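Undergrad:
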Amino acid sequence: MLVEITPEAFDVRLDLRYASADNFTGQPVYGRAACYLHADAVPLLQHAIDLAALQGFRLRLFDGFRPSEAQWALWGHTPDAEFLADPRRGSPHSMGAAIDLTLEDARTGEILDMGTGFDDMCEASHHGSTAISTEAQRNRFLLLGIMSTAGWDFYSKEWWHYQLFRPRGRYPVLRDGEACPALMPPGTPRAPDVVTDAAPGSLPSGGI
Numbered sequence: 001m002l003v004e005i006t007p008e009a010f011d012v013r014l015d016l017r018y019a020s021a022d023n024f025t026g027q028p029v030y031g032r033a034a035c036y037l038h039a040d041a042v043p044l045l046q047h048a049i050d051l052a053a054l055q056g057f058r059l060r061l062f063d064g065f066r067p068s069e070a071q072w073a074l075w076g077h078t079p080d081a082e083f084l085a086d087p088r089r090g091s092p093h094s095m096g097a098a099i100d101l102t103l104e105d106a107r108t109g110e111i112l113d114m115g116t117g118f119d120d121m122c123e124a125s126h127h128g129s130t131a132i133s134t135e136a137q138r139n140r141f142l143l144l145g146i147m148s149t150a151g152w153d154f155y156s157k158e159w160w161h162y163q164l165f166r167p168r169g170r171y172p173v174l175r176d177g178e179a180c181p182a183l184m185p186p187g188t189p190r191a192p193d194v195v196t197d198a199a200p201g202s203l204p205s206g207g208i
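Everything in the sequence shown is counted per UniProt numbering, starting at 1 for the first residue and increasing by one.
What follows is the structure, given as structure tokens:
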């Protein structure tokens, strides 16, 4: 169900922020650095890679499959439903159906200016924000064009996040180790089941 995404197989750069302290929690969330996506997402990723390469760019991946345990850890640190999916509902990341990424120059490796950093939880990170430079706006539209042409959906409040269309109900929320080798540190408690019968409006519905 899940396919490992490696630089050797896909000509991408991995910069997996939740496997390091370079994320909004300030500490590693994963126990090892590896990126996986649902098999349905792999052809779309390859299409995006090819489109970016035609213009002299490479995809730099920040996150892919995120075990439910990791979503609980992020929510425990910052329970902000505008940017994070409530883990009781589950995230498209926890289905292997979402990816966080940016563009870099394929020759130099320099990251394109997107106006804000990855996981910068502010309005300037929204698609269409004019609170960033004109160059950064162009770069966001470039990434949006590549990903949309390749068949990805986007999330309006995070320029870095793309996902398969309508993943909820199509793909299950996965715990650590269920569909790929474990990503979380040893001893991480097993995530609770997602809530499938919640009354409308009883759980936050935003966030990714």
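C-beta atoms are modelled at their ideal positions from N, C-alpha and C, and glycine is treated no differently.
Only a predicted model underlies this, so the values are computations on that prediction, with no experimental measurement involved.
#1: Helix, strand or coil for valine 29? Go by DSSP, reduced to three states.
#2: Please report the distance separating the alpha-carbon of phenylalanine 154 from that of histidine 161.
#3: Can you give me the C-alpha to C-alpha distance between glutamate 178 and valine 42, rounded to a whole angstrom?
#4: Return the residue from the list Phe24, Gly90, Arg58 and Phe65 that minimises the CA-CA distance to threonine 102.
#5: Once you ignore the five residues that flank proline 189 on each side, which residues in its own chain have a CB closer than 6 Å to its CB?
#6: Assuming phenylalanine 10 is part of the beta strand (DSSP E), what are its boundary residues?
#7: Would you kindly report the start and end of the unbroken beta strand (DSSP E) that includes alanine 98?
#8: Go to valine 42, then tell me how far its alpha helix (DSSP H) extends in each direction, as first and last residue.
#9: Mind checking which residues open and close the beta strand (DSSP E) that includes leucine 2?
#10: Taking 8 Å as the limit between beta carbons, can you name the residues of its chain near glycine 90, skipping five residues before and five after?
TA: Taking the structure as given:
#1: Residue mapping note: residue 29 aligns to position 29 of the sequence shown, counting from 1. When secondary structure is reduced to three states using DSSP, valine 29 falls in the coil class, being assigned neither helix nor strand.
#2: Within the sequence shown, the letter at position 154 stands for residue 154. Within the sequence shown, the letter at position 161 stands for residue 161. So the two alpha carbons sit approximately 6 Å from each other.
#3: The residue given as residue 178 occupies position 178 in the sequence shown. The residue given as residue 42 occupies position 42 in the sequence shown. For glutamate 178 and valine 42, the distance between alpha carbons rounds to 19 Å.
#4: Here the question's residue 102 lines up with position 102 in the sequence shown. With distances taken between Cα atoms, threonine 102 lies closest to Arg58.
#5: The count along the sequence shown starts at 1 and reaches residue 189 at position 189. Contacts found: none.
#6: Position 10 of the sequence shown, counted from the start, is the residue given in the question as residue 10. It is not in any beta strand (DSSP E) - phenylalanine 10 instead sits in the alpha helix (DSSP H) that spans 7 to 10.
#7: On the sequence shown, position 98 is the one that residue 98 refers to. According to the DSSP assignment, alanine 98 belongs to the beta strand (DSSP E) that extends over 98 to 105.
#8: Taking the first residue of the sequence shown as 1, we reach residue 42 at position 42. Where valine 42 is concerned, the enclosing alpha helix (DSSP H) stretches over 42 to 54.
#9: Residue mapping note: residue 2 aligns to position 2 of the sequence shown, counting from 1. Where leucine 2 is concerned, the enclosing beta strand (DSSP E) stretches over 2 to 4.
#10: By one-based count along the sequence shown, residue 90 stands at place 90. Closer than 8 Å at Cβ, skipping near neighbours: Ser68, Gln71, Arg168, Val173 and Val194.
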